[in-house]
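Visitor: Pasting in a structure now, in structure tokens, and then I'll have a few things to ask.
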Amino acid sequence: HESADELIGPREIEYQDGWIPVGYLWARTIPCQNPGCGAEIPLIKQFWLAKKKNKKIAYRPVVDYVNKQVDFEILENAEAIEAANFDPSEGTVSRANARCPVCEQVTKAKQTRQLAKDGKMGERMVAVVFHHPDQFGKRYRLANELDASVFDEATTYLEAKLANWPYLENPIPTESAPPEGHRSCSNAIYGMTTWDTFFNTRQKLTLVTFLGKIKGSFKKIRVNCEELIVQTSLKFSADGLAKAVVGYLSVILDMQAAFNNNGARWENTSEAIKHVFSRQALPMMWDYVELCPFSGSSGSIESGLIYYLKYIDFASFGHGENGSAQQFSATDLPFPDDHFDALLTDPPYYDNVHYADLSDFFYVWLKRSVGELFPELFVTPLTPKSSEAIASKTRHPTTKIAKDFFEQTLGQAFFEIHRVLQTGGVAVIVYAHKTTEGWETMLNGLVNIGLVVTASWPVHTEMKARLVAAQTAALASSIYMVCRKMERQPLGFWNEIQSKIKARVEEKLEQFWNQGIAGGDFFISAIGPGMEEYSRYERVETYSGEAIGTDQLLAFIRSVSTNFLAHRLLKDAGRESIDKEAQFYLTYRWTYLDNSVPFDDARKIASAQGVDLEKLWKSGGFVYKRGSKIWVRGPKKRGEVKDVNNMVDAMHKACQFWEKGKKAEIAQLLGQSGYGQSGAFWQLCQAVAETLINGNKEKQLLEGLLIDRERYARDSAEVYAEVRKPKPKQMRLLEEDV
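In terms of the numbering used here, the sequence shown opens at residue 2 and continues consecutively.
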């Protein structure tokens, strides 16, 4: 407990004891690679402690240049932050590139990772978060020597506990974590190759202590259950009830592991600890938060217990009819033909989430806590993975083999759905992969077994705040496709059904547009309506006999969707009045914002609008390619625009001039290019600005440019007229011709 005068908070409080630590903020560290420096670099992504409308607190690095050390100070409010001329959003590390606060040299990502692998990445406790049971809000102070010494004692306690561990298995999970190159876990490239490396010493001590208490409680719990059965005449065995109770305790242990590891983060906008699975991945967390498990605040056992008990009560007997939960492989269902009226499945999304690998995070603790009580569930050291329906590049020699495995496995699962479904029965397929490659694979499986898509809806399944905050190209919606087991027509001609597909897709896009479906969801939502007509036929071909596959269907749907989108976004200007590069740029921005996408997806959108991506990135244009990813860069990211080859170049160059206050140059640019008098050009600027989210730098530049639109149009008109005025020599030649 702390006294209030030692803590930083947003308002005056009485000086009293009783402030309880909620968590400890840590920063990983590496040595600066500048031979003349060698300082310890604290790897911190950002310095905000609290970032609310009426409460702003940050910690700031204070550099001792003589001794080449970095200490910290807390800035108590917005005024102090402004007075220090400090931007807490700018950390010392970005994409593993680490900037030394002492000498400013940047250690490149590759070297940062190698230092971690070589055991040269350390960690440092930076700050402590407190709360008071009878007070509102959190308080903060810097970590001190006492905090460090208390933490160091955890090593001694842990060693003693391990030396006297009364059970057979090692309580520390040293099993292998996902390997390098894994899509859902990047920690191996920093040397974190076993599950114990995901926890610091005190976190291990905490979890091992809870583990020991759970394992040692079974006999006592069983006695209590026997007494309960006698008192209430419950028709259960004492063993069964005791296993259930210990099973729930083991789940609580797993939740503690999720909150108390070196991938948990401090969320400054809510001043709360967030567990490691904020998304379906295990990312590298440079500055993490260590949970105090008995604080009563976020992440603690006390705060979680309310929810655990609520869910247990809701799912227990006495709430209507009992259901039946069974575990089988979807590729081999133990049911007879024509058995079900309806089925609903949410299959794996191609290579999106490696559920088996990620579930090992929990599995290694569950195996230790209740493996002896439920041996049939914990036969293998880690979760079984070889049969998981996922296109995992880390489990197969090549990408093609991984894709083929997924397609075959998913196809077999769809075959089983078709087999056990009654004729006329309904199958609902939920899918949300963001790449067309993933959709092609899934749709091939669907079409091949003979299910007919009869309806589809995009349903929001992700938290909007998370997606916007993360600034990812992830989808907010899943597509629910309703299929029926019914007779299909043997042959459909592409030349005849194209117009029907186009009409149906446009009808649904109008509905989606009015309902506010946006971004990547908009294009993906168009797939279902397109499939409704296509899937009615066993084979679709041209009049010349050429088969039309799902890849061609998706290309057509994409073309219809991009045309629809361009007309809606441009409002007063027709799609044909802006050049094809501008159409692609606008479509990309509306769909993906500033995010990267797989090359093939960007290529397909570009192809639908007649744009050659390779030409754009090789000529220094607004497209950037790295590996298999494509970025569409805005005016701040692409550097100085020298040549204006299209509307986007002109828009970016005008934004760059505006930021520097060069208004005359804007008029000159727009006059010489002729765009100043083009309503379509200004509509493009307006459409892009409206597409981007608040706070985006490109949006701010465009809005600034648009404020003086009339002035630039007027001034550029004079330039435009002057540029096109015949020169004296031209006049003489003209007279001679006459």
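Beta carbons: idealized from backbone N, C-alpha and C, even for Gly. Owing to the predicted nature of the structure, the values given are computational and were not obtained by experimental measurement.
Rounded to whole angstroms, what is the Cα-Cα separation between Thr113 and Val252?
Guide: Numbered from its first residue, the sequence shown carries residue 113 at position 112. Numbered from its first residue, the sequence shown carries residue 252 at position 251. Taking the straight line joining both Cα atoms gives about 36 Å.
Visitor: Excluding the 5 residues flanking Val448 on each side, which residues of the same chain have their C-beta closer than 7 Å to its C-beta?
Guide: Counting from 1 along the sequence shown, the entry for residue 448 is found at position 447. Correct list, in chain order: Ser536, Thr551.
Visitor: Verify whether the separation of the beta carbon atoms of Asp338 and Arg420 is less than 8 Å.
Guide: If you number the sequence shown from 1, residue 338 lands on position 337. If you number the sequence shown from 1, residue 420 lands on position 419. Yes. Within cutoff.
Visitor: In the DSSP assignment, find the unbroken beta strand (DSSP E) run with Trp683 in it and report its ends.
Guide: By one-based count along the sequence shown, residue 683 stands at place 682. Trp683 -> not in any beta strand (DSSP E); alpha helix (DSSP H) instead, spanning 680-692.
Visitor: Report all residues from its chain with a CB closer than 7 Å to the CB of Thr194; omit the five preceding and five following residues, and keep chain order.
Guide: Here residue 194 corresponds to residue number 193 of the sequence shown, with the count starting at 1. Taken in chain order, the residues that qualify are Ser177, Ala178.
Visitor: Hey, quick one: how far does the alpha helix (DSSP H) through Glu176 stretch, first residue to last?
Guide: By one-based count along the sequence shown, residue 176 stands at place 175. Segment: none, Glu176 is in no alpha helix (DSSP H) and carries neither H nor E.
Visitor: Determine the burial state of Pro174: buried for a count of at least 16 other Cβ atoms within 10 Å of its Cβ, exposed for fewer.
Guide: As a first step, residue 174 is located in the sequence shown; it is residue number 173 there, counting from the start. It counts as buried.
Visitor: With a floor of 3 residues, list each beta strand (DSSP E) that falls wholly inside the segment 111-182, ordered by position along the chain.
Guide: Correct list: 123-132, 139-143.
Visitor: Alpha carbon to alpha carbon, what distance is there between Ile528 and Lys619?
Guide: As a working mapping, residue 619 is identified with position 618 in the sequence shown. As a working mapping, residue 528 is identified with position 527 in the sequence shown. So the alpha carbons of these two residues sit roughly 32 Å apart.
Visitor: Residues in its own chain within less than 6 Å of Gly192 by CB, not counting five upstream and five downstream?
Guide: Counting from 1 along the sequence shown, the entry for residue 192 is found at position 191. Counting only Cβ-Cβ distances below 6 Å, and skipping sequence neighbours, we find Ala117, Lys118.
Visitor: Grab me the residues of Val71's own chain with a C-beta within less than 8 Å of its C-beta, minus the 5 sequence neighbours each way, in chain order.
Guide: Position 70 of the sequence shown, counted from the start, is the residue given in the question as residue 71. So the qualifying residues of the chain are Ala40, Glu41, Ile42, Pro43, Pro62, Val63, Val64, Asp65, Pro102, Val103.
Visitor: Do Arg489 and Gly451 have their C-beta atoms closer together than 8 Å?
Guide: For the purposes of this step, residue 489 is identified with residue 488 of the sequence shown, where counting begins at 1. For the purposes of this step, residue 451 is identified with residue 450 of the sequence shown, where counting begins at 1. A contact, by the Cβ cut-off of 8 Å.
Visitor: I believe Gly439 touches Gly412 by the beta-carbon criterion, under 8 Å. Please report the beta-carbon distance rounded to the nearest angstrom.
Guide: Along the sequence shown, read from residue 1 onward, the residue named residue 439 stands at position 438. Along the sequence shown, read from residue 1 onward, the residue named residue 412 stands at position 411. Actually they are not in contact, since the Cβ atoms of Gly439 and Gly412 sit about 14 Å apart, beyond 8 Å.
Visitor: In whole angstroms, give me the CA-to-CA distance for Val720 and Gln687.
Guide: The count along the sequence shown starts at 1 and reaches residue 720 at position 719. The count along the sequence shown starts at 1 and reaches residue 687 at position 686. Spanning the two alpha carbons is a distance of roughly 23 Å.
Visitor: Assuming Asp352 and Ser393 form a contact by the criterion Cβ under 8 Å, report the distance between their Cβ atoms to the nearest whole angstrom.
Guide: In the sequence shown, residue 352 corresponds to position 351, counting from 1. In the sequence shown, residue 393 corresponds to position 392, counting from 1. Correct: roughly 6 Å between the Cβ atoms.
Visitor: Whole angstroms is fine: what's the gap from Ser608's alpha carbon to Thr93's?
Guide: Taking the sequence shown and counting its residues from 1, one reaches residue 608 at position 607. Taking the sequence shown and counting its residues from 1, one reaches residue 93 at position 92. C-alpha separation (whole angstroms): 40 Å.
Visitor: Do you know offhand how far His132's Cα is from Ser299's?
Guide: Within the sequence shown, residue 132 is the residue found at index 131, counting from 1. Within the sequence shown, residue 299 is the residue found at index 298, counting from 1. Their backbone Cα atoms lie some 10 Å apart in a straight line.
Visitor: To which residues does DSSP link Cys484 through a beta bridge?
Guide: Here residue 484 corresponds to residue number 483 of the sequence shown, with the count starting at 1. Its beta-bridge partners are Ala428, Val454.
Visitor: Nearest by alpha-carbon distance to Gln404: which of Phe416, Ala390, Glu417 is it?
Guide: One-based indexing of the sequence shown puts residue 404 at position 403. Rather than Gln, the amino acid found at residue 404 in this sequence is Lys. Nearest of Phe416, Ala390, Glu417 to Lys404, Cα basis: Ala390.
Visitor: Buried or exposed for Gly677, going by 16 or more other Cβ atoms inside 10 Å?
Guide: What you label residue 677 is simply residue 676 of the sequence shown in a count that begins at 1. Buried, by the Cβ-count rule.
Visitor: Closest by CA to Pro530, which one among Gln512, Tyr364, Ser360?
Guide: Here residue 530 is taken as the residue at index 529 of the sequence shown, counted from 1. It is Gln512.
Visitor: Keeping to the same chain, check which residues put their C-beta closer than 6 Å to that of Leu444; ignore five residues upstream and five downstream.
Guide: The residue given as residue 444 occupies position 443 in the sequence shown. Cβ neighbours of Leu444 beyond the five flanking positions: Thr551.
Visitor: In terms of residues, what are the limits of the alpha helix (DSSP H) holding Pro22?
Guide: Walking along the sequence shown from the start, residue 22 turns up at place 21. Here Pro22 belongs to no alpha helix (DSSP H); instead the beta strand (DSSP E) covers 18-32.
Visitor: Which of the three DSSP states is assigned to Lys46 in this structure?
Guide: For the purposes of this step, residue 46 is identified with residue 45 of the sequence shown, where counting begins at 1. Looking at Lys46 - three-state DSSP - the assignment turns out to be coil, as it is neither helix nor strand.
Visitor: According to DSSP, simplified to helix, strand and coil, what is Trp659?
Guide: Residue numbering aside, residue 659 sits at position 658 when the sequence shown is read from its first letter. DSSP places Trp659 in helix when its eight states are reduced to three.
Visitor: On the CB-based measure, 16 or more other CB atoms within 10 Å of its CB, does Arg627 come out buried or exposed?
Guide: As a position in the sequence shown, residue 627 is number 626, starting the count at 1. It counts as exposed.
Visitor: How would you write the range of the alpha helix (DSSP H) that Glu534 sits in, first residue to last?
Guide: If you number the sequence shown from 1, residue 534 lands on position 533. Taken as a continuous stretch (DSSP letters only), the alpha helix (DSSP H) holding Glu534 covers 528-535.
Visitor: Quick check on this structure: which residue in Trp287, Asn263, Thr270 has the alpha carbon closest to the alpha carbon of His276?
Guide: Counting from 1 along the sequence shown, the entry for residue 276 is found at position 275. Per the Cα distances, Asn263.
Visitor: May I ask you to report which of helix, strand or coil DSSP gives Leu571?
Guide: On the sequence shown, position 570 is the one that residue 571 refers to. Correct three-state label for Leu571: helix.
Visitor: Output yes or no for whether 8 Å exceeds the beta carbon distance between Gln610 and Thr592.
Guide: Within the sequence shown, residue 610 is the residue found at index 609, counting from 1. Within the sequence shown, residue 592 is the residue found at index 591, counting from 1. Their beta carbons are not under 8 Å apart, which means Gln610 does not touch Thr592 by this criterion.
Visitor: How many angstroms separate the CA atom of Ser526 from the CA atom of Asn98?
Guide: Numbered from 1 along the sequence shown, position 525 holds the residue referred to as residue 526. Numbered from 1 along the sequence shown, position 97 holds the residue referred to as residue 98. Cα-Cα distance, rounded: 38 Å.
Visitor: Where in the segment 281-328 do unbroken runs of the beta strand (DSSP E), each at least 3 residues long, occur, reported from the N-terminal end onward?
Guide: Runs of the beta strand (DSSP E) inside the segment 281-328: 288-292.
Visitor: Where Ala474 and Ile631 are concerned, what is the direct C-alpha to C-alpha distance, given to the nearest angstrom?
Guide: Locating residue 474 in the sequence shown gives position 473, where the first residue counts as 1. Locating residue 631 in the sequence shown gives position 630, where the first residue counts as 1. At Ala474, the pLDDT of 42 sits below 50, so the modelled position is not reliable; the number obtained from the coordinates is stated separately. For Ala474 and Ile631, the distance between alpha carbons rounds to 12 Å.
Visitor: Confirm, please, whether the CB-CB distance from Ala79 to Glu272 is below 8 Å.
Guide: By 1-based counting over the sequence shown, the position of residue 272 is 271. By 1-based counting over the sequence shown, the position of residue 79 is 78. Result no, Cβ atoms of Glu272 and Ala79 do not sit closer than 8 Å.
Visitor: Would you mind working out which of Met126, Gly138, Val67 sits nearest Lys53, comparing C-alpha positions?
Guide: Here residue 53 refers to the residue found at position 52 of the sequence shown. Minimum Cα distance to Lys53 is reached at Gly138.
Visitor: Quick one, which of Asp358, Leu693, Gln584 has its alpha-carbon nearest Asn647's?
Guide: In the sequence shown, counting from the first residue as 1, residue 647 sits at position 646. Measuring from the Cα of Asn647, the nearest candidate turns out to be Gln584.
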